[in-house]
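A short write-up of the structure that comes next.
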Amino acid sequence: MDGFLTQMLTMLGYQLPELLACVAGAAMLAMWAPPAPGRKLALAGISLMLLTTLLRGVMSVWQAWVINNATDGYASVSGMMGLFSAVGMLIGVVSAAGLVMLAWGACKAMQATRTA
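All you need for my numbering is the position in the sequence shown, starting with 1, plus 2.
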């Protein structure tokens, strides 16, 4: 059990900086950003990034559990690693879409203040 706990905490530790940045960004947008044309889009983008970060954390715990509970070595884990890779790639694409939404919302807000 000690190996699992160490591996799980290490994998979650890799997600911590992005999680903290997403939470801070969402808090800043929700509390400090005035109503502007791109604010909702930026909030949706940062929320999407926060969701994908949480999903990466869940996947990290699941992956650590699968590796720790492998009964016959790599043979039982190899199929799951392909699944983890595919889901991880999909999560990365969704997170990138969230970043694009955040930047798009920021651009819309900056354009609105320039023309006002």
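The beta carbon of each residue, even a glycine, is placed where N, CA and C say it ideally should be.
- Straight-line spacing of the CA atoms in L57 and I93 works out to 8 Å.
- Annotation: A38 is outside any alpha helix (DSSP H) and is labelled neither H nor E by DSSP.
- For A72, there is no enclosing alpha helix (DSSP H), as DSSP marks it with neither H nor E.
- Here the region 43-57 makes contact with the region 91-109; the two share three or more CB pairs at distances below 8 Å.
- Annotation for V68: V79, M82 place their beta carbon closer than 7 Å to its own, counting only its chain and skipping 5 residues before and after.
- Residue environment: Q65 is assigned as buried (16 or more neighbouring CB atoms within 10 Å of its CB, all protein chains considered).
- When the Cα atoms are used, I48 and A108 turn out to be separated by approximately 11 Å.
- Taking C-beta atoms as the reference points, A114 and P36 fail to come closer than 7 Å.
- Burial state of G100 is buried, judged by a 10 Å Cβ sphere holding 16 or more other Cβ atoms.
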